[in-house]
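Asks: The structure follows.
In my numbering, the protein residues as written are 4 to 128.
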């Protein structure tokens, strides 16, 4: 299985439970692993045979900016949900890092994974 890694993706969002965290948008850092259902692009050299990671980053930036989030867990879930239906994507894992929210801790992070089901055709189709 082909794995595409996107590391240190910067996302601007309002994230936090406390009032002081919710005043302004701030930068989160995401690390994403995209598991491609086949390695056809390795042979074809065609974008349509793989996951378009430019489209992934566009979707993530739109989701992050669309609304404020209380929990980093919900943000991670929303980001992975935005990839549902994306061609060639079998599974994805994301880690989101939130800096400066706990005194004496560099960052807090959440890791979440999602498997995307493919609609299988029957022999009658």
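Positions of the beta carbon are idealized from the N, C-alpha and C atoms, including for glycine.
Return the chain-ordered list of same chain residues with a C-beta closer than 6 angstroms to the C-beta of residue 52, the five sequence neighbours on each side being excluded.
Replies: The residue labelled residue 52 in the question sits at position 49 within the chain shown. Closer than 6 angstroms at Cβ, skipping near neighbours: 43 and 44.
Asks: Please report the residue range of the beta strand (DSSP E) in which residue 58 lies.
Replies: Residue mapping note: residue 58 aligns to position 55 of the chain shown, counting from 1. Looking at the DSSP string, residue 58 is not in any beta strand (DSSP E); the run it does join, the alpha helix (DSSP H), is 56-69.
Asks: Taking C-alpha atoms, which residue in 69, 90, 92 and 24 lies nearest to residue 103?
Replies: Here the question's residue 103 lines up with position 100 in the chain shown. Minimum Cα distance to residue 103 is reached at 24.
Asks: Give me the DSSP bridge partner(s) of residue 76.
Replies: Counted from its first residue, the chain shown places residue 76 at position 73. Per DSSP, none; premise fails for residue 76.
Asks: Less than 7 angstroms between C-beta atoms, sequence neighbours within five positions excluded: which residues of the same chain meet that for residue 16?
Replies: Numbered from its first residue, the chain shown carries residue 16 at position 13. The answer, listed in chain order, is 28, 31, 67, 68, 72 and 78.
Asks: Would you call residue 90 buried or exposed, if buried means 16 or more other Cβ atoms sit within 10 Å of its Cβ?
Replies: The residue labelled residue 90 in the question sits at position 87 within the chain shown. The residue is exposed, with fewer than 16 neighbouring Cβ atoms inside 10 Å.
Asks: Beta carbon of residue 6, beta carbon of residue 46: below 8 angstroms?
Replies: Indexing the chain shown from 1 puts residue 6 at position 3. Indexing the chain shown from 1 puts residue 46 at position 43. Not a contact, by the Cβ cut-off of 8 angstroms.
Asks: Tell me whether residue 83 sits in a helix, a strand or coil according to DSSP, three-state version.
Replies: In the chain shown, the residue the question calls residue 83 occupies position 80. The answer is helix: DSSP assigns residue 83 an H, G or I state.
Asks: Do residue 33 and residue 98 come within 8 angstroms of each other at the CB atom, strictly closer than that value?
Replies: Taking the first residue of the chain shown as 1, we reach residue 98 at position 95. Taking the first residue of the chain shown as 1, we reach residue 33 at position 30. Contact check for residue 98 against residue 33 passes: the beta carbons are separated by less than 8 angstroms.
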